[in-house]
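These notes concern the structure reproduced below.
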Amino acid sequence: MTTKTMTTEAMVIDGVLLAAGSGTRMRSPVAKVLSPVLGVPLLSYPYRAMAGLGPLLASIHVIVPPGGLPVETVHAGREAPPLQPVIQEKPDGTWGACEALFSSRIFLEGPATHFLVLNGDGPLVETALLDALVALGREYPEALVLTTARLDNPTGYGRILRDSSGKVTGIREENGASSEERALREVNAGIYLIPRTILHEARGKILPDPRKGERYLTDLVARVVSRGGEVRTHEASADSMRGVNTQEELSRVTELLRERINRGHMEQGVTFQDPARTDVGPDVTIGAGTVLLPQSFLEGKTRVGTGCRVGMGVHLIGSEVGDGATIRDYVVATEAVVGPGAVVGPFAHLRPGTRLGREAHLGNFVETKKAVLGAGAKANHLSYLGDVTVGERTNIGAGTITCNYDGYEKFSTTIGADVFVGSDTQLVAPVSVGDGAVIAAGSTVVEDVPPGALYLSRARSEARPEGGTRYRRRREAKKNSSKKELS
Ligand code: UD1
Ligand code: CA
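Read in the numbering used here, the sequence shown has 550 at position 417, and its numbers run on one by one without any break.
Dropping the structure here:
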């Protein structure tokens, strides 16, 4: 068969992610491709790698099992063609997955000349590798392009079979391999660029493997060779192609991704005290000069500014931390915003809708939810602040609680600027406190407090001279008389 170099215009590539396997070796009710890896589903990684190709890919299809998959939880972390699910009615192998494509309109009516097919369980693949595959495809537009790798331990992978001249003749899956074939260390990475013509020609012609009853995409290689077609290979590094079949392999790829992601941040000037014990998700950004202590987990679209300090055991989920802020040990923040120079924790819980202004302070055992604190506002000890806005420089005393719920509905509290809220105050919402007001310690605030007012709500109290001494004397006498009765 002749080869000719295709022009960019002539080559139209669709991405295909294989994600319909049953993943039985994982022994988990969670679909394998949705297993969490640093806070995002496994499938997000090959999807990101594909999305990195930009406009080179016309669309991205994902082959899903009969019950479907919640693909909306899978993100590429940037603008990417949306994942278009195609159902594989019967999970009968990776060729079965390709066949599912044939019955979809995309295949029948779409413009794709080539399909970039990736196992959905290979999270280490990077865009550069796919770029290399596409380049090879441009050079040999009629060839089936395979990615291979050399592994010290090839167990479980399909082995690349070559003839004496080195030409690829097929792929042998582990379970059908002879002992000589098993000794081969060149394996199939599960990353292919396949011309539409080749896929189409093989439609309905790949038979189930007699041992497992599955139809193997890898059998396409021998078929192409036997029909005089062309097969090209691109060799990738072992650490760009590892697949996940077991929980142990999942933890191994997580480790490799952790290393890769953390190394990237270190190259940008972030200090990790222990990168092996710090988890940073793929969509997280961290500014230069920020120091991360061990055992923290930054996930989702968390953004941490420059020159911050993130303590031990901090969990930030989709949160934003401004430049120069300090997050002390054991803080949990979900969809929260921490202003520049703010200080939070230790042991604070910032729930969704929390927004701390510049240099605000939130101390130990403070829980916030939909709480907007102005610049320099402080709540340093033991408080619940929910559905509340707090003005600039206001001080919230220890033990202050916003009573935002009456058992049926939520109500808001508004506290102005420069307010002093004494310790152990309850603010029964809806209620507002004007600028500069002072709330005496122990108050239960049930009505609006005007600006500058002093609010007091206390039962009358008195200190009786010598009353304590008299009380003790009485009690001691009683104690002694009952002892005598017993003896
Ligand atoms: C596959 C390759 C093997 C290669 C290895 C690389 C085949 C037959 N074997 O083996 O040569 O070395 O990947 O990691 O392809 N899937 C479906 N529908 C199915 C079955 C699987 O969509 O019916 C999906 C799975 O969800 C998975 C991918 O295809 O994402 C690969 O399937 P898996 O069963 O993991 O193949 P391996 O045995 O790892
Ligand atoms: Ca696999």
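We put the CB at the ideal spot given by N, CA and C, even for glycine.
- Where residue 157 is concerned, there is no enclosing alpha helix (DSSP H), because DSSP gives it neither an H nor an E.
- The beta carbon of residue 497 sits no closer than 6 Å to any heavy atom of ligand 2.
- DSSP places residue 412 within a strand segment (E or B) once states are collapsed to three.
- For the options 348, 543 and 500, the alpha carbon positioned closest to that of residue 564 is the one of 543.
- In summary, residue 579 is exposed, with fewer than 16 beta-carbon neighbours lying within 10 Å of its beta-carbon over all protein chains present.
- Here the C-alpha atom of residue 550 lies approximately 5 Å from the C-alpha atom of residue 527.
- For residue 270, the uninterrupted alpha helix (DSSP H) run begins and ends at 260-272, by DSSP.
- By the criterion of at least three beta-carbon pairs nearer than 8 Å, the region 394-402 is not in contact with the region 268-283.
- DSSP places residue 292 outside any alpha helix (DSSP H); the residue lies instead in the beta strand (DSSP E), whose first and last residues are 292-295.
- Ranked by Cα distance from residue 252, the first of 166, 466 and 295 is 166.
- By alpha-carbon distance to residue 514, the top candidate from 507, 529, 186 and 521 is 529.
- Close to ligand 2, as judged by a C-beta nearer than 5 Å to any of its heavy atoms, are the residues 254, 376 and 378, in chain order.
- If you draw a straight line from the Cα of residue 208 to the Cα of residue 583, it comes to about 49 Å.
- A check of alpha carbon separations from residue 237 across 249, 220, 226 and 273 identifies 220 as the nearest.
- Listed in chain order, the non-local C-beta contacts of residue 499 below 6 Å within the same chain comprise 481, 512 and 516, local neighbours out to five positions each way being set aside.
- For the region 497-569, not one full-length alpha helix (DSSP H) segment reaches 4 residues or more.
- Distances from the CB of residue 169 to the heavy atoms of ligand 1 are all 6 Å or more.
- Using a Cβ distance threshold of 7 Å, residue 355 and residue 303 count as a contacting pair.
- Under the three-state reduction of DSSP, residue 241 is assigned to helix.
- Within the model, the alpha-carbon separation for residue 188 versus residue 241 is close to 21 Å.
- By the criterion of at least three beta-carbon pairs nearer than 8 Å, the region 483-495 is in contact with the region 452-465.
- Within its own chain, the residues whose Cβ lies closer than 8 Å to the Cβ of residue 445, once the five positions on either side in sequence are excluded, are 426, 427, 428, 429, 462 and 463, listed in chain order.
- Rounded to the nearest angstrom, the gap between the Cα atoms of residue 568 and residue 518 is 18 Å.
- Assignment of residue 305 by DSSP, reduced to helix, strand and coil, places it in the strand class.
- One thing to note: residue 468 has its Cβ within 7 Å of the Cβ of residue 451.
- Residue 339 carries a coil assignment under DSSP once its states are collapsed to helix, strand and coil.
- Put simply, the backbone Cα of residue 259 is about 13 Å away from that of residue 249.
- For residue 321, the uninterrupted beta strand (DSSP E) run begins and ends at 319-328, by DSSP.
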